[in-house]
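> In the working numbering, the protein residues as written are 6 to 714.
All C-beta atoms, glycine included, are put in the ideal place defined by N, C-alpha and C.
Please read these numbers as outputs of a predicted model, since none were measured by experiment.
Before I ask anything, let me first share the structure, which is written out below as structure tokens.
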Amino acid sequence: MKTHLGTLLLAAAMIASVPSLTSAQPVPVAQGPVHIGKRFSILEDPSSALSPIDAIRTPGYRASEMDVPNLGVSNSAYWIRFDVKNDTDEDAVILDIQHAEIEELDVYLLKDDVPVPIASTGQNAPLDSRTIAQPEFVFSLPIASAEERGVLLRVKSDKQLQVPVQLHMPSRFSESRSMKNLTIGAYIGIMLVMLFYNLFVYFSIRDRSYFIYVAYILLVCLTQLAFWGHGQYYLWGGSQWFSIKASLIFTFATAIASSEFMKRFINTREHVPIMHRWLSAFYVLIGVVMTIYLFIAPPLGYKLAQLTAGLLATYLFVTAIIVWRKGSRQAGYFILAWTAFLTGTMVFTLKDMGILPYNDLTVFTMPIGSAIEGVLLSFGLADRINILRREKERSQAESLAMAQENERLIREQNMELERKVHERTAELRESNETLKRTQVQLVQSEKMASIGQLTAGIAHEINNPVNFITSNIAPLRRNLGEVVETINAYRKAESPDAVAKVREEEERAGIQESIEELDGIIASVSEGAQRTAEIVRGLRNFSRLDEDDLKHADLNEGLASTLAVLAPQYRGKTELVLDLQEMPKVECFPGKINQVFMNVMNNAAQATLARMDGRPRRVTVTTSSNEHEAIVRISDTGVGMPEEVKARIFEPFFTTKPVGEGTGLGLAIVYGIITEHDGRIQVESEPGIGSTFTITLPLQRARQLEQRA
Ligand code: ADP
Ligand code: MG
6 MKTHLGTLLL
16 AAAMIASVPS
26 LTSAQPVPVA
36 QGPVHIGKRF
46 SILEDPSSAL
56 SPIDAIRTPG
66 YRASEMDVPN
76 LGVSNSAYWI
86 RFDVKNDTDE
96 DAVILDIQHA
106 EIEELDVYLL
116 KDDVPVPIAS
126 TGQNAPLDSR
136 TIAQPEFVFS
146 LPIASAEERG
156 VLLRVKSDKQ
166 LQVPVQLHMP
176 SRFSESRSMK
186 NLTIGAYIGI
196 MLVMLFYNLF
206 VYFSIRDRSY
216 FIYVAYILLV
226 CLTQLAFWGH
236 GQYYLWGGSQ
246 WFSIKASLIF
256 TFATAIASSE
266 FMKRFINTRE
276 HVPIMHRWLS
286 AFYVLIGVVM
296 TIYLFIAPPL
306 GYKLAQLTAG
316 LLATYLFVTA
326 IIVWRKGSRQ
336 AGYFILAWTA
346 FLTGTMVFTL
356 KDMGILPYND
366 LTVFTMPIGS
376 AIEGVLLSFG
386 LADRINILRR
396 EKERSQAESL
406 AMAQENERLI
416 REQNMELERK
426 VHERTAELRE
436 SNETLKRTQV
446 QLVQSEKMAS
456 IGQLTAGIAH
466 EINNPVNFIT
476 SNIAPLRRNL
486 GEVVETINAY
496 RKAESPDAVA
506 KVREEEERAG
516 IQESIEELDG
526 IIASVSEGAQ
536 RTAEIVRGLR
546 NFSRLDEDDL
556 KHADLNEGLA
566 STLAVLAPQY
576 RGKTELVLDL
586 QEMPKVECFP
596 GKINQVFMNV
606 MNNAAQATLA
616 RMDGRPRRVT
626 VTTSSNEHEA
636 IVRISDTGVG
646 MPEEVKARIF
656 EPFFTTKPVG
666 EGTGLGLAIV
676 YGIITEHDGR
686 IQVESEPGIG
696 STFTITLPLQ
706 RARQLEQRA
């Protein structure tokens with residue numbers, strides 16, 4: 006920073022040393038082109054309505070104190086008078102006003118204090134109003150050699166109004182121009198090189214920063230061309246409105262482009278988010294100021310614009326410094342570049358304010374500054390590629406490391422997961438086994454319970470016929486003993502007397518009756534044995550319970566044997582009625598189906614026992630069939646079920662019976678077996694009336710399965 010300040014001071018010293026005219030005498034031409042402002046008498050015309058004649062006659066001219074008078078920004082027109090002495094041997098003098106931003110410019114040559122118009126032109130006039138075609142204002146004054154004439158100028162502008170006037174010998178004029186043209190050419194050349202270079206980079210790497218930079222460079226150039234008049238002269242001369250507004254429009258477009266560029270270039274969004282957001286406020290301000298300048302009050306707008314530009318430049322500069330101090334190398338480039346530009350602007354402004362003299366150096370500090378800025382930023386952009394590459398490499402390395410770390414983590418997690426899955430699977434398998442075992446146990450215990458219940462009835466049932474048999478054994482033995490005794494007596498009797506004695510004895514003892522009784526006893530024993538055998542057969546039939554094979558079984562037979570097993574315990578308590586119709590055999594596991602019948606019939610009989618109202622207790626089993634199905638209906642006149650019980654009867658462990666009487670598993674098992682047989686079970690029940698269970702089984706299981714598939 007200090008070095009830049011030094012450069013600035015050095016420049017100021019150089020500028021101060023440029024010589025200037027001091028006397029108020031007529032301006033001689035021969036000594037070469039110098040700014041002749043100090044020879045001016047200036048009259049302000051606030052109404053800007055004076056005619057040249059009035060202007061000559063009006064008093065109140067004041068002497069100018071500057072080589073290049075700076076008339077500020079106002080609504081007034083100004084009249085400038087000075088005398089020219091043509092001390093050359095040429096017959097004309099070139100009047101050169103090197104400030105393109107004079108919007109109205111009239112030139113008069115005084116002849117005996119009468120103003121003779123030479124030209125009426127200005128930035129706000131068509132190009133063909135210029136007597137000599139130049140980007141700036143150049144006029145040929147017909148002042149003969151050795152003649153001395155007064156010159157009257159009328160100038161007016163809504164912008165900063167300066168009047169840098171030089172006089173030239175016609176023969177030397179173009180020579181004096183060449184230096185300036187060279188400078189402008191070099192400037193445009195440098196800017197174009199950077200423009201195309203960065204445009205090329207933009208198309209190669211598609212980083213928006215480069216595009217904005219290109220726009221920025223272009224706008225900077227256009228701004229300069231507007232200031233110099235080249236813009237109007239070569240580019241947009243057709244529109245007077247645009248011609249007078251162009252310099253400010255481009256200045257602000259440049260301001261916006263440069264702040265947009267800065268945003269990206271030094272990444273303000275990340276480094277200074279709050280300042281970044283406030284930049285938008287400047288855009289609004291610029292919009293307002295521009296509206297005022299373009300459409301409402303141009304001089305006021307222009308002054309506000311100068312203020313706004315100064316504020317924005319400072320803001321950008323401060324922002325860049327803050328970002329730079331946060332360690333951004335890019336910001337360093339930006340500060341350097343911005344310093345160059347600001348220095349240029351500062352010198353330019355100091356010149357405008359009259360603190361620094363108006364000369365080639367001060368006039369060109371702005372383009373020089375902007376060119377340096379452009380070059381530096383271009384370097385910065387080039388460097389940015391390096392930075393980006395380094396950043397990319399770093400982030401690639403980082404993401405590689407991250408990916409590896411992730412991979413490691415995932416691998417670990419996978420292993421952990423697999424281990425857990427194994428563990429869980431083992432646990433699940435174990436609990437599944439336990440569950441299966443429990444289920445088997447439960448089914449077993451339900452079986453045991455029903456068998457236990459049966460045993461009581463069966464024992465009682467067998468007891469009867471067995472009693473029958475045993476109670477007949479003593480009489481049998483006694484009667485048989487008597488008969489055997491009698492036979493033995495006959496065998497021993499050898500004489501007819503002895504035989505007669507035996508017969509006597511036989512008759513007395515009533516052996517014949519005993520023999521006759523034997524028939525009855527044997528019949529009784531036989532009946533008892535038969536009944537026992539029947540019961541046993543029934544049990545055996547029923548105990549097909551444990552058969553595992555799929556068979557074609559007669560359901561009626563199954564029902565009959567189930568009844569045989571069940572009947573004894575309900576004999577005399579409830580009536581069990583079979584009303585069976587012949588039907589085709591059903592493919593099933595007969596043992597399991599019998600278990601179904603027994604569970605349902607048992608529940609039905611129990612339900613009838615539970616009622617105490619003296620209505621007949623009956624369980625009726627009916628069978629029927631159709632083409633595909635066998636239907637077994639078991640209805641009872643029992644207590645029936647309310648809806649809430651009915652809804653839950655197939656749930657395992659659901660029972661309404663006291664502990665020890667009901668397991669709540671019967672119907673759950675029934676449901677399992679019926680579904681296994683692809684059958685259905687339906688329940689109708691009315692509390693206080695009774696229930697009906699309807700079991701429907703397909704005749705052919707396989708076919709049924711096929712049809713479904
Ligand atoms: P359990 O007979 O051991 O109670 P079940 O699963 O065989 O278990 O029956 C469940 C419940 O269903 C019984 O407790 C009873 O409340 C009800 N239930 C079953 N059949 C009948 C029926 N025919 N009449 C009335 N209630 C019945
Ligand atoms: Mg039961």
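Suppose the cutoff is 6 angstroms on Cβ atoms and the five residues either side in sequence are ignored; what does the same chain contact list for His557 look like?
Locating residue 557 in the sequence shown gives position 552, where the first residue counts as 1. Closer than 6 angstroms at the Cβ level, and outside the excluded window around His557, lie Lys590 and Glu592.
> Give the residues whose C-beta lies closer than 5 angstroms to at least one heavy atom of the ligand MG, in chain order.
Ordered along the chain, the selected set is Asn608 and Gly671.
> Spatial neighbours of Pro169 within its chain, please: CB distance less than 7 angstroms, with the 5 preceding and 5 following residues excluded, ordered by chain position.
Residue numbering aside, residue 169 sits at position 164 when the sequence shown is read from its first letter. Cβ neighbours of Pro169 beyond the five flanking positions: His40, Val73, Ile102, Gln103, His104 and Tyr363.
> Could you tell me whether any non-hydrogen atom of the ligand ADP is closer than 8 angstroms to the CB of Asp641?
The residue you call residue 641 lines up with position 636 of the sequence shown. Yes, the Cβ of Asp641 comes within 8 angstroms of a heavy atom of the ligand ADP.
> Helix, strand or coil for Asn631? Go by DSSP, reduced to three states.
Start at 1 with the first residue of the sequence shown, and residue 631 comes out as number 626. Coil.
> By the 10 Å Cβ neighbour count, where 16 or more other Cβ atoms means buried, how is Arg159 classified, buried or exposed?
Taking the sequence shown and counting its residues from 1, the one referred to as residue 159 is at position 154. It is buried - the Cβ of Arg159 has at least 16 other Cβ atoms within 10 Å.
> If you compare alpha carbons, which of Leu361, Lys425, Ala538 and Ala503 is closest to Ile474?
Translated into the one-based positions of the sequence shown, residue 474 becomes position 469. Here the closest residue by C-alpha is Ala538.
> Specify, as a first and last residue, the run of the beta strand (DSSP E) that Asp101 falls within.
On the sequence shown, position 96 is the one that residue 101 refers to. Asp101 -> beta strand (DSSP E) spans Val98 to Ile102.
> Between Tyr202, Val644 and Ile249, which has its C-alpha nearest Pro131's C-alpha?
Locating residue 131 in the sequence shown gives position 126, counting from the first residue. If we check each option's Cα against that of Pro131, Ile249 comes out closest.
> Alpha carbon to alpha carbon, how far is Ala310 from Val78? Give it in angstroms, no decimals.
Residue numbering aside, residue 78 sits at position 73 when the sequence shown is read from its first letter. Residue numbering aside, residue 310 sits at position 305 when the sequence shown is read from its first letter. Whole-angstrom Cα-Cα distance: 12 angstroms.
> For Gln446, verify whether its CB is less than 8 angstroms away from any heavy atom of the ligand ADP.
For the purposes of this step, residue 446 is taken as residue 441 along the sequence shown, with counting starting at 1. False, no ligand heavy atom lies under 8 angstroms from that Cβ.
> Between Thr680 and the ligand ADP, is the CB less than 8 angstroms from at least one heavy atom?
Counting from 1 along the sequence shown, the entry for residue 680 is found at position 675. Not under cutoff, so the answer is no.
> Take Gln245 and list the residues in its own chain whose beta-carbon comes closer than 6 angstroms to its own, dropping the five residues that flank it on each side.
Looking up residue 245 in the sequence shown gives position 240. Taken in chain order, the residues that qualify are Asn129.
> Is it the case that the CB of Ser696 approaches a heavy atom of the ligand ADP more closely than 8 angstroms?
Indexing the sequence shown from 1 puts residue 696 at position 691. Ser696: yes, Cβ under 8 angstroms from the ligand ADP.
> Could you check how far apart the C-beta atoms of Leu197 and Trp84 are, in whole angstroms? I think they sit under 8 angstroms.
Within the sequence shown, residue 197 is the residue found at index 192, counting from 1. Within the sequence shown, residue 84 is the residue found at index 79, counting from 1. Contact flag wrong, Cβ pair sits at about 41 angstroms.
> Determine the direct distance from the alpha carbon of Ala345 to that of Met371, and round the result to whole angstroms.
Mapped onto the sequence shown, residue 371 falls at position 366. Mapped onto the sequence shown, residue 345 falls at position 340. Going from the Cα of Met371 to the Cα of Ala345 covers about 9 angstroms.
> Just mark Lys116 as buried or exposed, buried being the case when its beta carbon has 16 or more other beta carbons within 10 Å.
Locating residue 116 in the sequence shown gives position 111, where the first residue counts as 1. Burial call: exposed.
> Out of Ile137, Ala431 and Val89, which has the shortest C-alpha to C-alpha gap to Ser150?
On the sequence shown, position 145 is the one that residue 150 refers to. Among Ile137, Ala431 and Val89, the Cα nearest to that of Ser150 is on Val89.
> Over the uninterrupted alpha helix (DSSP H) stretch that includes Leu355, give me the two end residues.
Position 350 of the sequence shown holds residue 355. It spans Arg334 to Asp357 - the alpha helix (DSSP H) in which Leu355 sits, taken as one unbroken run.
> Using a Cβ-Cβ cut-off of 6 angstroms (strictly less than) and excluding sequence neighbours within five positions of Leu672, which residues of its own chain qualify?
Here residue 672 refers to the residue found at position 667 when the sequence shown is read from its first residue. So the list reads Ile654 and Phe655, once near-sequence residues are dropped.
> Buried or exposed for Gly665, please, with buried defined as at least 16 other CB atoms from any protein chain shown within 10 angstroms of its CB.
By 1-based counting over the sequence shown, the position of residue 665 is 660. So Gly665 counts as exposed.
> Consult DSSP for Ser28 and reduce its assignment to one of helix, strand or coil.
Stepping through the sequence shown from its first residue, residue 28 is reached at position 23. Its pLDDT being 40, under 50, Ser28 is placed unreliably in this model, and the coordinates cannot settle the point.
> Just how far apart, CA to CA, sit Ser333 and Arg389?
Residue numbering aside, residue 333 sits at position 328 when the sequence shown is read from its first letter. Residue numbering aside, residue 389 sits at position 384 when the sequence shown is read from its first letter. Going from the Cα of Ser333 to the Cα of Arg389 covers about 11 angstroms.
> Count Cβ pairs between the region 223-236 and the region 207-214 that sit closer than 8 angstroms; are there 3 or more?
Verdict: no, contact absent.
> Would you give the residue range spanned by the beta strand (DSSP E) that Gln611 belongs to?
Position 606 of the sequence shown holds residue 611. Taken as a continuous stretch (DSSP letters only), Gln611 belongs to no beta strand (DSSP E), being part of the alpha helix (DSSP H) at Pro595 to Leu614.
> Using a Cβ-Cβ cutoff of less than 6 angstroms, which residues in the same chain neighbour Leu710 once the five nearest sequence positions on both sides are dropped?
Reading the sequence shown from its first residue, position 705 is the one you call residue 710. Annotation note: pLDDT 46 at Leu710 (below 50); position unreliable, coordinate value reported separately. For Leu710, where only same-chain residues beyond five positions count, there are no Cβ hits under 6 angstroms.
> Between Leu253 and Met295, is the Cβ-Cβ spacing less than 9 angstroms?
The residue labelled residue 253 in the question sits at position 248 within the sequence shown. The residue labelled residue 295 in the question sits at position 290 within the sequence shown. In this structure, Met295 lies closer than 9 angstroms to Leu253 by Cβ.
> Between the Cα of Ile377 and those of Ser400, Thr350, Gly359 and Thr354, spot the shortest distance and give me the residue it belongs to.
By 1-based counting over the sequence shown, the position of residue 377 is 372. Out of Ser400, Thr350, Gly359 and Thr354, Thr350 has the C-alpha closest to the C-alpha of Ile377.
> With distance defined between alpha-carbon atoms, name the residue in Lys43, Pro692, Ala35 and Glu511 nearest to Asp96.
Numbered from 1 along the sequence shown, position 91 holds the residue referred to as residue 96. Minimum Cα distance to Asp96 is reached at Ala35.
> Under 9 angstroms between the Cβ atoms of Glu451 and Ile674?
Residue 451 sits at position 446 when you count from the first residue of the sequence shown. Residue 674 sits at position 669 when you count from the first residue of the sequence shown. Contact: yes.
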